[in-house]
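To start, the structure itself, in C-alpha cells.
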Amino acid sequence: MAGDAQPAAATVEAEDPQPTLYEQLGGAPAVDAAVKGFYDKVLADERVNGFFEGVDMDRQIRMQTEFLTFAFGGPNNYQGKDLRAAHAHLVAKGLNDTHYDVIIEHLGGTLQELGVSDELIGEAAAVANSVRDDILGK
C-alpha cells in the first residue's frame with residue numbers, strides 16, 4: 006500500500022559551529038597573556054596610566070581577563086559591575102575617546118606581539134569598540 010511507505014530519513018550533517026574569537030585567539034592562556042601584556046603597555050603610557058593610580062592591579066587584571074573572556078565568546082565568569090557604572094569615576098576624571106583610542110592601540114599592539122592575525126586583531130578591536138559608549142558614559 007502506498008500509505009505504508011515511510012519517508013526517507015533526511016541526512017543533514019550539522020555544520021561545525023564557527024569558533025569563537027576566544028577560541029581562535031587560543032583560549033584562556035592567550036587571553037591571560039594578552040591582558041598582562043596589555044597592562045604592561047598601559048601602565049607605561051603617560052597618556053593613560055594616571056587612570057590606574059591606586060588601582061589594585063591584580064584585581065584589575067583578573068576582572069579584565071574575565072570580561073574579555075566573556076566578550077570574546079568564552080565562558081562567562083565576569084561578575085563585575087556593568088561597564089557604565091564601573092568606569093563612571095574615570096569619566097569624572099576626564100576619560101574620553103582619545104584615551105579609549107590609546108587603550109585600543111595597546112590592545113592591538115599586544116595581540117600583534119603575540120602573533121595574532123590582523124583579522125583577529127580587527128575583531129578584538131570591534132568588540133572593544135562595541136562597548137565604548139558604555140565605558141565612556143555616552
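To convert, count from 1 in the sequence shown and add 5; that's the working numbering. Glycine residues also receive a C-beta, built at the ideal position from the N, C-alpha and C atoms.
- For Gly-42, the uninterrupted alpha helix (DSSP H) segment begins and ends at 32-49.
- About 19 Å separates the CB atoms of Leu-141 and Ala-129; that is not less than 8 Å, and the two are not in contact.
- Lys-143 has its alpha-carbon roughly 11 Å from the corresponding atom of Leu-88.
- If you ignore the 5 residues before and after Asn-101, its C-beta comes within less than 8 Å of the C-beta of Leu-141, all in its own chain and listed in chain order.
- In the three-state reduction of the DSSP assignment, Phe-77 falls in the coil class.
- Sixteen is the threshold: since fewer than 16 other Cβ atoms of the shown chains lie within 10 Å of the Cβ of His-94, the residue is exposed.
- With contacts defined by Cβ atoms closer than 9 Å, Gly-85 and Met-68 form a contacting pair.
- The beta carbons of Leu-119 and Ala-39 sit about 6 Å from each other, so the pair counts as a contact at 8 Å.
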